[in-house]
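**Student:** Chain order of the listed sequences is A and B.
As numbered in this note's numbering, residues 396 to 646 make up the first sequence, in order.
As numbered in this note's numbering, residues 15 to 207 make up the second sequence, in order.
Sharing a structure below in C-alpha cells format, with a few things to ask.
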Amino acid sequence: MLAKRIIPCLDIKDGRTVKGVNFVDLRDAGDPVELAEIYSREGADELVFLDISATEQKRKTLADLVYRVAEKVNIPFTVGGGISSVEDVDILLQNGADKVSVNSSAVKNPQLINDLSAKFGSQCIVVAIDAKQIDGKWIVHLVGGKVPTELDLFEWAKEVEERGAGEILFTSMDHDGTKDGFANEALARLSVELNIPIIASGGAGNVQHFKDTFINGKSDAALAASVFHFKEIAIKDLKENLQENGIPVRL
Amino acid sequence: MKIVIINYGAGNIQSIKFAIQRLGYEAVLSNDINEIKTADKVIFPGVGEASSAMSKLLESGLHDSIADLKQPVLGICLGMQLMCNSTEEGDTKGLGIFDVDVVKFSNKVKVPQIGWNQINNLNSGLFKGVSNKAHIYLVHSFYAPLCDETIAETDYELTYSAALQKDNFYGTQFHPEKSSTVGEKILRNFLEI
C-alpha cells in the first residue's frame, strides 16, 4: 500500500539552515547536510529545502548544497525558492535534486510549468501554492503570503495540474505558524478535484494534526518545519502513532 | 570492479553514482559502447518522458547494443520501461528485452504514483536479505503488468511488476538509489552478483 509521507522542510539561506534547530546531537546546527542525514535516519520520507537567500551567488551556492545533500542522503528531496527558468531547474537536477518546486515564477509565467514538465517530466515538478481566505474565498498569494493575486486556489490548482505539475504543495497562510492543524477542508477539496498528489503544509502542531490531515484532509503527504526542528514531535513516534491509527506509513 | 552508468542524457545519474559511492564502489558515466561492453556491471537509468528518452538513446547509437550485453544490467525506472517491448507513453517501441508492454495507470488513482510503496512476492537474488512488504520509493505514471519475468510485485490500482528479470537483465520500477537502507541492500545485491 502506498504510504502517507512525512516531510520535514528546511529553510536555507546562503547554504545554511535558517531557523534555529534544537538537535543536541548536531555538531553544526547550521549545516543542512548534517540535518538532512539525521532526518533521513529518523524516518523522514522526503525532504524539502526552501532557499530564501537573495544574493547574486544564490544559484551556485544552492547547486553546491544540492550536490552535497545528494552525495549523503538516501531518500528523495525537493528544492525550491526563487526557481524561475528551465536553466535553473536543469542545474539543480544535474546536481542531484529529485524534484524542484516553483511558486511565484509559475504564477507570473504559467507556461513555465508546461516547459518544465515537457523537458524534465511531470514527476519532478512540484508547484507550491500559498493561499489564504479573503471573504470566504481562497486566494493565491505571492512573496510568502504578502502579495495577493487574482487567482482562486482551486482554479489555479486545476490549471497547474493541466499544465503538467506532478504534485502540489499547498500552504495555508491562515494556518502557517499557528500550530493549530492543517487546512483540511481546502486540502480535501483539492484532493477530490485533482488527480495528482497533494502535500499539506502549514499548521502542524501535534500528532493529531497529522492524523487529521491524512484522514479528513485526504492529503498524500504532510510537511512541517518547527515541530521537527525543535523536537516537539519525533518522526518515529509520529509514524508509529499513525500506524496504530490505521494510516499506512513506512516504518 | 568496473561499474558503468549509461549516460545518454535522460536520468538523474548523479544520485545513482552517489548511491554506489556510499556502498564503497565507484561508478563511471559513459556513452561509449566499448566502455560499456567491458564493464562488470551496467546500470541503465532513465527519468522523464519515454519517447524523448528513447530518441536520446537512438541518437547515442547505443540502442542496438544494450540487448546484447552479457554482464548483469540493471534498468531503473524509465530505464526498466525502455527495456520492455513497448510503452504507451508517447507510443514508444522499447528494446524488447522484457516481454511485456508498459501501460498507464487509470484515473481511478492519483497519477503519478509518488512515494513509498511495498514490494511483495520477491523472487530473485536481487532481493537477498530484503523482507516482504519492504518499502521502496517510486515515481511513475506507467507500469509493467505482471508477466513471466516479474520478480517483485507492488499494489497500486492493481498488482503490477515492481521488478523484472530475464537472464542477466534486471529492472526495477522503483529507485533503489532513493529507497533508504532497503534500496542500498538491493543495489549492493546487484553489484555483488
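Backbone N, C-alpha and C define an ideal beta-carbon position, used for all residues, glycine too.
Keep in mind that this is a model prediction, so the values were computed, not measured.
Could you check if phenylalanine 58 (chain B) is buried or exposed, using at least 16 other CB atoms within 10 Å of its CB as the buried criterion?
**Tutor:** With 16 or more neighbouring CB atoms inside 10 Å of its own CB, phenylalanine 58 (chain B) falls in the buried class.
**Student:** Quick one: which residues of the region 466-490 of chain A get their C-beta closer than 7 Å to a C-beta of chain B? List them in chain order.
**Tutor:** With the criterion set as a beta carbon lying under 7 Å from some beta carbon of chain B, the members of the region 466-490 of chain A are Glu466, Asn469, Ile470, Pro471, Leu488, Gln489, Asn490, in sequence order.
**Student:** Using a Cβ cut-off of 7 Å, pull out every chain B residue sitting near phenylalanine 515 (chain A), in sequence order please.
**Tutor:** Gly62
**Student:** Could you give the first and the last residue of the continuous alpha helix (DSSP H) run that contains asparagine 203 (chain B)?
**Tutor:** 194-205
**Student:** Against glycine 561 (chain A), what residues of chain B qualify as contacts under a CB-to-CB distance less than 8 Å, listed in chain order?
**Tutor:** Pro126, Ile128, Val153
**Student:** Give me the DSSP bridge partner(s) of proline 543 (chain A).
**Tutor:** A:His536
**Student:** Return no unless some Cβ of chain A is closer than 8 Å to the Cβ of tyrosine 170 (chain B).
**Tutor:** yes
**Student:** Measuring straight from C-alpha to C-alpha, what distance separates lysine 122 (chain B) and glutamine 95 (chain B)?
**Tutor:** Looking at the two C-alpha atoms, the distance is approximately 22 Å.
**Student:** Using DSSP with H/G/I as helix, E/B as strand and the rest coil, what is tyrosine 269 (chain B)?
**Tutor:** Here chain B has residues from 15 to 207 only, and residue 269 (chain B) is not among them.
**Student:** According to DSSP, is isoleucine 433 (chain A) part of a helix, a strand, or is it coil?
**Tutor:** Helix, per DSSP.
**Student:** Can you name the residues that DSSP bridges to arginine 454 (chain A)?
**Tutor:** Answer is none; arginine 454 (chain A) lacks a bridge partner.
**Student:** Are the C-beta atoms of aspartate 409 (chain A) and some chain B residue less than 8 Å apart?
**Tutor:** no
**Student:** Buried or exposed for aspartate 525 (chain A), please, with buried defined as at least 16 other CB atoms from any protein chain shown within 10 angstroms of its CB.
**Tutor:** buried
**Student:** Based on DSSP bridge pairs, tell me the residues matched to glycine 104 (chain B).
**Tutor:** In the DSSP output, where bridge partners are listed per residue, glycine 104 (chain B) has none listed.
**Student:** Of the choices B:Gln35, B:Asp82, B:Phe141, whose alpha-carbon is the least far from that of lysine 16 (chain B)?
**Tutor:** The option with the nearest alpha carbon to lysine 16 (chain B) is B:Gln35.
**Student:** Which residue marks the beginning of the beta strand (DSSP E) containing alanine 619 (chain A), and which one marks its end?
**Tutor:** 616-619
**Student:** What three-state label does DSSP hand arginine 400 (chain A) in the structure shown?
**Tutor:** strand
**Student:** For glutamine 638 (chain A), which residues of its own chain have a beta-carbon under 8 Å away from its beta-carbon, when the five flanking residues on both sides are left out?
**Tutor:** Val644, Leu646
**Student:** Taking 8 Å as the CB-CB limit, is asparagine 601 (chain A) close to chain E?
**Tutor:** Among the chains of the structure shown, chain E does not appear; the protein chains present are A and B.
**Student:** Could one say the Cβ of arginine 463 (chain A) lies closer than 8 Å to chain B's Cβ atoms, at least one of them?
**Tutor:** No, arginine 463 (chain A) does not count as interfacial toward chain B.
**Student:** Residues in the same chain with beta-carbon distance under 7 Å from lysine 147 (chain B), minus the five sequence neighbours each way, listed in chain order, please.
**Tutor:** Gln132, Asn134
**Student:** So who's on the other strand from leucine 83 (chain B), going by DSSP bridges?
**Tutor:** Answer is none; leucine 83 (chain B) lacks a bridge partner.
**Student:** Note down, in chain order, every chain A residue with its Cβ under 7 Å from the Cβ of glutamine 132 (chain B).
**Tutor:** Met396
**Student:** Sort out for me which residues DSSP pairs threonine 566 (chain A) with in a bridge.
**Tutor:** Its beta-bridge partners are A:Asp525, A:Ser596.
**Student:** Work out the CA separation of valine 428 (chain A) and serine 586 (chain A) for me, nearest whole Å.
**Tutor:** 32 Å
**Student:** Please go through the same chain and pick out, in chain order, the residues whose beta-carbon is closer than 6 Å to the beta-carbon of lysine 467 (chain A), but skip the five residues on each side of it.
**Tutor:** Val428, Glu432
**Student:** Please report how far the alpha carbon of cysteine 404 (chain A) lies from the alpha carbon of alanine 458 (chain A), in whole angstroms.
**Tutor:** 18 Å
**Student:** Decide if the region 549-557 of chain A is in contact with the region 155-168 of chain B; the criterion is three or more beta carbon pairs, one per stretch, under 8 Å apart.
**Tutor:** no
**Student:** Going by C-alpha to C-alpha distance, which of A:Ile486, A:Lys606, A:Val538 sits closest to isoleucine 447 (chain A)?
**Tutor:** A:Val538
**Student:** Do you know how far the Cα of glutamate 40 (chain B) is from the Cα of aspartate 575 (chain A)?
**Tutor:** 48 Å
**Student:** Please give the ranges of any beta strand (DSSP E) in the region 90-145 of chain B, keeping only runs that are unbroken, at least 3 residues long and fully inside the region.
**Tutor:** 98-101, 112-118, 127-133
**Student:** Which bits of chain B does arginine 378 (chain A) rub up against, with CB to CB less than 8 Å?
**Tutor:** Within the shown structure, residues of chain A are numbered from 396 to 646, placing residue 378 (chain A) beyond reach of any answer.
**Student:** Starting from the beta carbon of glycine 197 (chain B), find every residue of chain A whose beta carbon is closer than 8 Å, and list them in chain order.
**Tutor:** Result: Asn469.
**Student:** Proline 349 (chain A) touches chain B at which residues, Cβ-Cβ below 7 Å?
**Tutor:** As displayed, chain A neither begins before 396 nor continues past 646, which places residue 349 (chain A) out of reach and without an answer.
**Student:** In the structure shown, what three-state DSSP assignment does leucine 76 (chain B) receive?
**Tutor:** Looking at leucine 76 (chain B) - three-state DSSP - the assignment turns out to be coil, as it is neither helix nor strand.
**Student:** With burial defined as no fewer than 16 other Cβ atoms inside 10 Å of the residue's Cβ, what is the status of phenylalanine 625 (chain A): buried or exposed?
**Tutor:** Counting C-beta atoms within 10 angstroms of its own C-beta, phenylalanine 625 (chain A) has fewer than 16 neighbours from the protein chains shown and is therefore classed as exposed.
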